[in-house]
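If you count the first sequence from 1, you need to add 2 to reach the working numbering.
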Amino acid sequence: MKSASMPELPEAETLRRYLETNSLRKVIERIDIRNERILDNIFPKQLKKSLEGSRFFLSERYGKRIFLGLNDDLLLTIHLGMSGWFDYLSKRESEPSHTRVLIIFADGSRLVYRDPRMFGRIGLTNSIKSFIREKNLGPDALKMDLQTYLNVISKRKGTIKAMLLDQSIVAGLGNLYADESLFQAGIRPDVRGLDEARLVLLFKRIKDVLSTAISIKADFGLFPVTFLITRRIVGGRCPMDGVSLERIRIGGRTSYYCPYHQKS
DNA sequence: CGTGGCTCCTGGCGGC
DNA sequence: TGCCGCCAGGAGCCAC
Numbered sequence: 003m004k005s006a007s008m009p010e011l012p013e014a015e016t017l018r019r020y021l022e023t024n025s026l027r028k029v030i031e032r033i034d035i036r037n038e039r040i041l042d043n044i045f046p047k048q049l050k051k052s053l054e055g056s057r058f059f060l061s062e063r064y065g066k067r068i069f070l071g072l073n074d075d076l077l078l079t080i081h082l083g084m085s086g087w088f089d090y091l092s093k094r095e096s097e098p099s100h101t102r103v104l105i106i107f108a109d110g111s112r113l114v115y116r117d118p119r120m121f122g123r124i125g126l127t128n129s130i131k132s133f134i135r136e137k138n139l140g141p142d143a144l145k146m147d148l149q150t151y152l153n154v155i156s157k158r159k160g161t162i163k164a165m166l167l168d169q170s171i172v173a174g175l176g177n178l179y180a181d182e183s184l185f186q187a188g189i190r191p192d193v194r195g196l197d198e199a200r201l202v203l204l205f206k207r208i209k210d211v212l213s214t215a216i217s218i219k220a221d222f223g224l225f226p227v228t229f230l231i232t233r234r235i236v237g238g239r240c241p242m243d244g245v246s247l248e249r250i251r252i253g254g255r256t257s258y259y260c261p262y263h264q265k266s
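Structure, rendered in structure tokens:
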């Protein structure tokens with residue numbers, strides 16, 4: 003499976019579906035931890051003990067995180083960071099570069115976690131609920147209801163882009179889909195204090211953008227031509243207006259927006 | 001509370 | 001051509 007760049011909610015959901023179809027119910031024979039930095043507050047021994055001889059029986063996603071359930075009160079937690087991805091390989095297929103963790107099944111197939119930049123983390127949790135609490139994650143961007151979203155966002159005073167990137171406010175949006183949602187809603191990323199009508203429109207666009215991205219498996223070549231996402235480059239032009247895109251930094255991230263139809 | 005800066009990390013690219 | 005140095009980005013942490 004092609005790895006998506008910069009995993010956010012749609013990439014995580016795409017990968018979850020991939021893992022759901024190829025990695026459940028297979029007996030795990032061995033786990034090979036190539037780089038301990040990838041582990042999220044657990045020792046290699048704990049991970050080995052939890053996985054070896056066991057099997058995954060369910061997959062879940064919340065925000066950008068993926069969970070693979072081992073039993074009723076133990077799940078593997080996956081955070082892809084910036085460049086993390088899984089490849090399911092048959093016995094004969096060769097391992098990709100930057101492999102950090104290898105899960106070897108009894109039938110000889112392997113699940114390979116690769117992550118060049120090593121911002122990703124793999125860990126264990128007893129429940130998704132407690133994990134969400136521990137990591138202080140807000141509502142999942144795809145499943146959140148309008149009222150919850152309005153309650154949280156209308157209380158805050160920061161720029162809208164910074165709020166969308168804050169995982170404790172909304173879980174799942176990263177730099178690219180935050181820009182995309184604002185673009186589709188016609189809102190500039192550096193705006194504060196949006197009125198309710200604007201926030202409601204943004205809420206709808208967030209959902210549209212995320213479900214569109216999931217429907218095309220977050221494949222960069224398949225985004226609608228009306229999307230900003232493939233034009234986020236210096237000198238890029240707005241797909242609606244043909245105007246040169248502006249580039250500013252908010253919260254340490256690069257934001258692209260159309261100065262013509264995105265309003266403050 | 002908000003924000004900006006720094007850190008982790010390395011592939012990729014611009015500039016010389 | 002080759003190499004240096006900077007940048008990208010998620011998120012935690014710290015200082016103001």
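Just so it is clear, CB atoms sit at the ideal spot from N, CA and C, and this is done for glycine as well.
Which same chain residues end up closer than 8 Å to Thr161 when comparing Cβ atoms and leaving out the 5 residues on each side of it in sequence?
Pro191, Asp192, Val193, Arg194, Ile252, Gly253
Beta bridge counterpart(s) of Leu17 as assigned by DSSP:
Answer is none; Leu17 lacks a bridge partner.
By the three-class DSSP mapping on this structure, what secondary structure does Asp42 have?
Asp42 sits in coil when the DSSP states are folded into three classes, being neither helix nor strand.
Report the CB separation of Leu148 from Phe205 in whole angstroms; it is logged as a contact under 8 Å.
Contact holds; Cβ gap of about 6 Å.
Rounded to whole angstroms, what's the CA-CA distance from Ser85 to Ser56? Just pull it up for me.
27 Å
Just verifying my parser: in three-state terms, what is the DSSP assignment at Ile235?
DSSP places Ile235 outside both helix and strand once states are collapsed to three, so it counts as coil.
Does the region 20-35 come into contact with the region 97-115, if we say contact requires no fewer than three beta-carbon pairs (one atom in each stretch) closer than 8 Å?
yes
For the beta strand (DSSP E) containing Ile105, name the first residue and the last one.
101-107
Residue from Tyr115, Ile80, His81, Tyr262 with nearest C-alpha to Glu97:
Tyr115
To the nearest angstrom, how far is it from the Cα of Glu22 to the Cα of Tyr262?
43 Å
Which residues share a DSSP beta bridge with Leu126?
Leu78
Is Leu152 near the ligand ZN, with its Cβ less than 8 Å from a heavy atom?
The ligand content of the structure shown is nil, which means the ligand ZN is not present either.
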